[in-house]
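The structure appears below as C-alpha cells.
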Amino acid sequence: MLSSHPLASPPCKLGTHYHQTSLHQQLQSLRRGSFKGSSQCVKAPAVSAQAREGPSSISDEDRSYMRHALDLARRGLGHTHPNPAVGCVIVKEGKVVGEGYHPKAGMPHAEVYALRAASNSAQGATAYVTLEPCNHYGRTPPCSRALVDASVARVVIGAGDPNPLVASEGIATLRKAGIQVDLMDGHEQAQANDLNPEFMERMRAEALAAVRPQT
Numbered sequence: 003m004l005s006s007h008p009l010a011s012p013p014c015k016l017g018t019h020y021h022q023t024s025l026h027q028q029l030q031s032l033r034r035g036s037f038k039g040s041s042q043c044v045k046a047p048a049v050s051a052q053a054r055e056g057p058s059s060i061s062d063e064d065r066s067y068m069r070h071a072l073d074l075a076r077r078g079l080g081h082t083h084p085n086p087a088v089g090c091v092i093v094k095e096g097k098v099v100g101e102g103y104h105p106k107a108g109m110p111h112a113e114v115y116a117l118r119a120a121s122n123s124a125q126g127a128t129a130y131v132t133l134e135p136c137n138h139y140g141r142t143p144p145c146s147r148a149l150v151d152a153s154v155a156r157v158v159i160g161a162g163d164p165n166p167l168v169a170s171e172g173i174a175t176l177r178k179a180g181i182q183v184d185l186m187d188g189h190e191q192a193q194a195n196d197l198n199p200e201f202m203e204r205m206r207a208e209a210l211a212a213v214r215p216q217t
C-alpha cells in the first residue's frame with residue numbers, strides 16, 4: 003500500500019487566497035447571519051437526514067478500506083487539536099493508489115495527502131474518509147472541493163461532521179458535483195464516531211450555541 007506524500011504536488015487547484023479565521027470567529031458570524039466562509043465558503047444546499055443516509059450499499063470491501071482509513075487516522079491522535087484525527091484511503095480498480103492522515107492542526111488534511119499520493123489515479127476512484135470532508139475555508143481550503151476537482155467517482159464517509167460549518171454541506175457539495183456518496187454503517191461507523199469524542203462533543207455544543215438566541 004502506498005504511503006502519503008507530504009511533499010507531492012496537489013493534483014488540483016484549491017485556491018490560495020483565503021482568510022485564516024478561527025472557528026470561534028466563524029461561528030460568531032454564523033450566529034449573526036453574516037458568515038460567508040471567509041468570503042469564499044463553498045455554497046451547497048442542505049440535505050435532509052433521509053437524503054444523507056439513503057439505501058446502504060456498503061460492501062465487505064468497503065469496510066476493509068474504511069478500517070484501514072481508521073488505522074491511518076489513529077496516527078494523528080493527540081496531535082491534531084483542535085481538529086479531529088482523520089484518515090483517507092483512495093482506491094481504484096481494487097488497488098490503493100493513495101492514502102494519508104491529518105498529522106497536525108494547520109497542516110493539510112487527510113484527503114489532500116491522499117490525493118497528492120494518488121495524483122491522476124484519483125480520477126474515477128473511490129475515496130474512503132473517516133469523517134465528512136470539510137466544506138469551508140479555515141487554515142486550509144475545503145476538502146470537499148479537493149475531491150470534486152480530483153474527479154473521484156465515489157466517496158465513502160465513516161461519520162458525519164457535527165461542526166456547524168460542515169454538517170451535511172460537505173456531502174451536498176460532493177453530490178451536487180455528481181459524486182456518489184455512501185455513509186458507512188455498523189461497526190466501522192461506530193469506530194469513526196468514537197475516534198474523536200472530544201471534537202464531536204465540542205462541535206455539537208458549538209452547533210447548539212450557534213443557533214441559540216443571544217440574550
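Here my numbering is used: the first residue of the sequence shown is 3, the next is one more, and so on.
The beta carbon of each residue, even a glycine, is placed where N, CA and C say it ideally should be.
Could you check if residue i is buried or exposed, using at least 16 other CB atoms within 10 Å of its CB as the buried criterion?
i	result
S123	buried
E63	exposed
D163	buried
H189	exposed
A129	buried
E200	exposed
G78	buried
E113	buried
A192	exposed
E203	exposed
For residue i, I'd like the list of residues in its chain whose CB is within less than 6 Å of its CB, leaving aside the five on either flank, ordered along the chain.
i	result
N165	M205
R65	E190
G126	A155
What is the C-beta distance between residue i and residue j, in whole angstroms, given that I count them as a contact (C-beta under 8 Å)?
i	j	result
Y115	G102	3 Å
V88	H111	6 Å
A161	A194	4 Å
A83	A107	Position check: residue 83 holds His in this sequence, whereas Ala was assumed. Sure, about 7 Å apart at Cβ, within 8 Å.
V99	Y67	About 12 Å separates the two Cβ atoms, so there is no contact after all.
T142	L72	With 8 Å as the limit, T142 and L72 do not qualify as a contact, their Cβ atoms being about 21 Å apart.
Residue i bridges to which residues according to DSSP?
i	result
R204	The partner list for R204 (beta bridge, DSSP) is empty, contrary to what the question assumes.
D184	V158
Kindly list the residues whose CB is nearer than 8 Å to the CB of residue i, restricted to its own chain and excluding five residues on each side of it in sequence; keep chain order.
i	result
I181	L149, V150, V154, A155, R156 and V157
Can you find the residues in the same chain that come closer than 7 Å, C-beta to C-beta, to residue i, ignoring five residues on each side of it along the sequence?
i	result
N198	P86 and A87
I60	D184, M186 and D187
L210	none
H81	P105 and K106
R76	A87
A179	V150
Which runs of the alpha helix (DSSP H) fall wholly inside the stretch 71 to 152 and span at least 4 residues, in chain order?
112 to 120 and 145 to 151
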